[in-house]
Amino acid sequence: MHAIKFRAAIAAVALTVLAAPVLHARAADAPITESDLAAHMRILASDAFEGRAPGTEGEDRTIAYVVGEWAKAGLEPVAGSATPWLQPVPLVETRPLTGTVAFKAGGREVALPADGLVLVGRDPSMTRAAVPVVFVGYGIDGAGKVNADVAGKLAVMLFDNPPFGTKPPRYRERRQMLADAGAAGVLVVASEALPWDDLRASLGDRSVRLASAKPGAPVSGFLSPAAAAALLGAAGQTPDKAMAAAKAADYRGLALSMTADIGATTAIRPFASNNIIAKLPGAKPDGKAVLYLGHWDHLGICGDEGDADRICNGAVDNASGIAVLTEVAKRLASGPRPDRDIYFMATTAEEMGLLGAYHFADHPVVPLTDITVALNIDTIAISPRGTPVATIGRGRPAYDAVIRDVATRLGRKMDDDGEADAFVQRQDGWALGAKGVPSLMVGGSFSDMPLLETFLGGDYHRAGDNFSDAIPLGGAAEDAGLHVALGRVFADTKAWSGTEK
């Protein structure tokens, strides 16, 4: 079915559901059970949804399911939207067709390890000859500014976060800063912590950006650590010394005695995806609102022809989060109506760089200053019941106190070791936090690091992330109840003032 007609049908069905009366007789919230979550995950992570990739039939099926469930729960589409329930997110996909870089030092071509380079162009076709090459370390100095003259040059930049500065930008932001400074190209040296073969395979497929995003450099790509070492060595540098020198906050880059001939052809495809947004109107709205969010998307069909399982179903990442969002919505809508408005958002293109969240941050359906807290739910089915509560985004005393109080009242212990902070930039709340929205991830999944690392090193972003009875849903159910309780406090005008003061 054509997507536009399909989504119009969804809206009609949802409005019919909303016409039915919603009862609010219960004084207490019913517990969220493992079976409640499993019912949603089994559907969202089924092969029929084809891995929920943005811009596919899997997206249409996901929208139909989520909108239907949220409407039955008693949520409403945001008033005044041209596309009820949906916030369109214009995207652009780039898929590399060909890409070559020939480095020359002292008149001789530099040999790099086989398969040590991935390259993609910004435009359908580009060629540049004799481009100077500069190693920029992390690309910025301690003040957060571009640290070298890169105009018209090929900048070689490290992926890992700088060991200096306060909350330094991630590699994507630093790469864009170099592009804004006029770099002819940016090559990112992959982290030793990332398996190069896996990274190369994913990068060689496609990349997606917001249609509204600034244009990047004419060409960009990744170098394997071995290729970067060979490049520095060919320029007469000792790789270890060059990498160590880049750790200084006053590092100013290093012009390499070499040039590069660059060529790339790229397939460009604009397309649209959608955030799903709904509202639970408050009983006593005061201009402040609570926002729950989690990403609905995953990687889609990720295997090769002939693979036994070609679909990355994303059961834990993040059908589990959408299941929790849905059950939290049911409890808050069917129990005593909260004072404040509560919004629920299932974002698109998180796996492509938090793109749906960034689009919402730039085009919010509710003023960002009105959002008293954003609670992001992602990859929540990791830990068993009884796991301590960790917080990603902690450090705001008033918010930390609410979380501690609510968790304690539910019999939960707090995990204050700070290990979860390593993931603050890898989740949708980061996009909102950059605009000043207090954004938190709360629960047990990011408390037990051995369990989380087992998942990240195993089924994460692979075809093995399927729904099964082996997924530990006890901790997810417990964390879902925690989110209901947090929502009740943050949406209570007497319990929470709406600000940190």
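Quick note: the sequence shown uses our numbering, first residue 846, plus one each step.
We put the beta carbon where it would ideally sit given N, CA and C, even for glycine.
Taking Cβ positions, are residue i and residue j nearer each other than 8 Å?
{"i": "Leu920", "j": "Ala1123", "result": "yes"}
{"i": "Pro1141", "j": "Thr907", "result": "Just to set this straight, residue 1141 is Trp in the shown sequence, not Pro. In contact: Trp1141 and Thr907 (Cβ atoms closer than 8 Å)."}
{"i": "Cys1157", "j": "Gly1145", "result": "yes"}
{"i": "Ile985", "j": "Arg1017", "result": "no"}
{"i": "Ser1069", "j": "Ala1035", "result": "yes"}
{"i": "Thr1104", "j": "Ala975", "result": "yes"}
{"i": "Leu1318", "j": "Leu882", "result": "yes"}
{"i": "Leu1125", "j": "Val978", "result": "no"}
{"i": "Val1135", "j": "Ile1187", "result": "yes"}
{"i": "Val981", "j": "Val995", "result": "yes"}
{"i": "Thr1232", "j": "Ser1292", "result": "yes"}
{"i": "Val1169", "j": "Val1234", "result": "no"}
{"i": "Ala1322", "j": "Asp1184", "result": "no"}
{"i": "Ala1308", "j": "Gly1148", "result": "yes"}
{"i": "Ala1174", "j": "Ala918", "result": "yes"}
If you run the structure through DSSP and keep just helix, strand and coil, what is residue i?
{"i": "Pro935", "result": "strand"}
{"i": "Ile1316", "result": "coil"}
{"i": "Val867", "result": "Reliability of the predicted coordinates at Val867 is poor, the pLDDT of 35 falling under 50, and the value obtained from them is presented with this limitation in mind. The answer is coil: DSSP assigns Val867 none of H, G, I, E or B."}
{"i": "Asp1025", "result": "helix"}
{"i": "Pro1115", "result": "strand"}
{"i": "Leu957", "result": "coil"}
{"i": "Glu921", "result": "strand"}
{"i": "Met1197", "result": "coil"}
{"i": "Arg1333", "result": "helix"}
{"i": "Ser1165", "result": "helix"}
{"i": "His1140", "result": "strand"}
{"i": "Phe1291", "result": "coil"}
{"i": "Thr1192", "result": "strand"}
{"i": "Val1282", "result": "coil"}
{"i": "Phe1009", "result": "coil"}
{"i": "Leu882", "result": "helix"}
{"i": "Asp1186", "result": "strand"}
{"i": "Val799", "result": "Any question about residue 799 goes unanswered here, given that the chain covers just 846 to 1346."}
{"i": "Thr1338", "result": "coil"}
Cutting at 6 Å between CB atoms, please list the residues of its own chain near residue i, excluding the five before and the five after it.
{"i": "Gly1349", "result": "There is no way to answer for residue 1349, as the model of the chain reaches only from 846 to 1346."}
{"i": "Val1282", "result": "Leu1213, Ile1216 and Ala1219"}
{"i": "Arg871", "result": "Note that Arg871 scores a pLDDT of 36, beneath 50, so its modelled location is shaky and nothing firm can be said."}
{"i": "Asp1106", "result": "Ala947 and Ala974"}
{"i": "Arg887", "result": "Phe1312"}
{"i": "Ser1284", "result": "Ala1219, Gly1238, Gly1274, Leu1277 and Gly1278"}
Is it buried or exposed for residue i, if we count other Cβ within 10 angstroms and need 16 for buried?
{"i": "Ile877", "result": "buried"}
{"i": "Leu868", "result": "Only weak support is given to the placement of Leu868: the predicted model assigns it a pLDDT of 34, under 50, and the question is left unresolved by the model."}
{"i": "Arg1097", "result": "exposed"}
{"i": "Glu914", "result": "buried"}
{"i": "Gly1151", "result": "exposed"}
{"i": "Leu942", "result": "exposed"}
{"i": "Pro1014", "result": "buried"}
{"i": "Thr1193", "result": "buried"}
{"i": "Arg1176", "result": "buried"}
{"i": "Arg953", "result": "exposed"}
{"i": "His1208", "result": "exposed"}
{"i": "Ser880", "result": "exposed"}
{"i": "Gly1278", "result": "buried"}
{"i": "Ala959", "result": "exposed"}
{"i": "Gly961", "result": "buried"}
{"i": "Glu1037", "result": "exposed"}
To which residues of the same chain is residue i closer than 8 Å at the C-beta, ignoring the five residues directly before and after it?
{"i": "Asp968", "result": "Pro1063, Thr1111 and Ile1113"}
{"i": "Ala1056", "result": "Pro935, Leu936, Val937 and Pro1115"}
{"i": "Glu902", "result": "Glu895"}
{"i": "Met1294", "result": "Glu1264"}
{"i": "Val1053", "result": "Pro899, Leu936, Val937, Glu938, Thr939, Ala1194, Met1197, Gly1198 and Leu1200"}
{"i": "Pro866", "result": "Bear in mind that the predicted position of Pro866 carries a pLDDT of just 33, short of 50, making it unreliable; the figure below should be weighed with that in mind. So no residue of the chain qualifies."}
{"i": "Pro1084", "result": "Ala1073, Ala1074, Leu1077 and Gly1078"}
{"i": "Gly1061", "result": "Arg967, Arg1020, Gln1021, Ala1024, Val1031 and Arg1054"}
{"i": "Ala989", "result": "For the sequence presented, residue 989 should be read as Gly rather than Ala. So the list reads Gly1010, Pro1013 and Pro1014, once near-sequence residues are dropped."}
{"i": "Asp1050", "result": "Arg940"}
{"i": "Trp1341", "result": "Thr1217, Val1247, Val1334 and Phe1335"}
So does residue i have its beta carbon nearer than 7 Å to some heavy atom of the ligand FAD?
{"i": "Met886", "result": "The model on display carries no ligand, and the ligand FAD is accordingly not part of it."}
Excluding sequence positions up to five away, which residues of its chain have a Cβ less than 7 Å from the Cβ of residue i?
{"i": "Gly1132", "result": "Asp1215"}
{"i": "Asp1262", "result": "none"}
| said: When you compare the stretch 1211-1223 with the stretch 1299-1318, are there three or more beta-carbon pairs, one atom per stretch, that lie closer than 8 Å? | reply: no
| request: Examine the Cβ distances between the stretch 1041-1055 and the stretch 1079-1092 and report whether three or more of them are shorter than 8 Å. | output: no
| field | Inter-stretch contact (C-beta, 8 Å, three-pair minimum) for the stretch 1188-1200 and the stretch 1249-1260 | value | no
| Does the pairing of the stretch 1155-1171 with the stretch 1237-1246 give three or more beta-carbon distances under 8 Å? | no
| Inter-stretch contact (C-beta, 8 Å, three-pair minimum) for the stretch 994-1008 and the stretch 1023-1031 | yes
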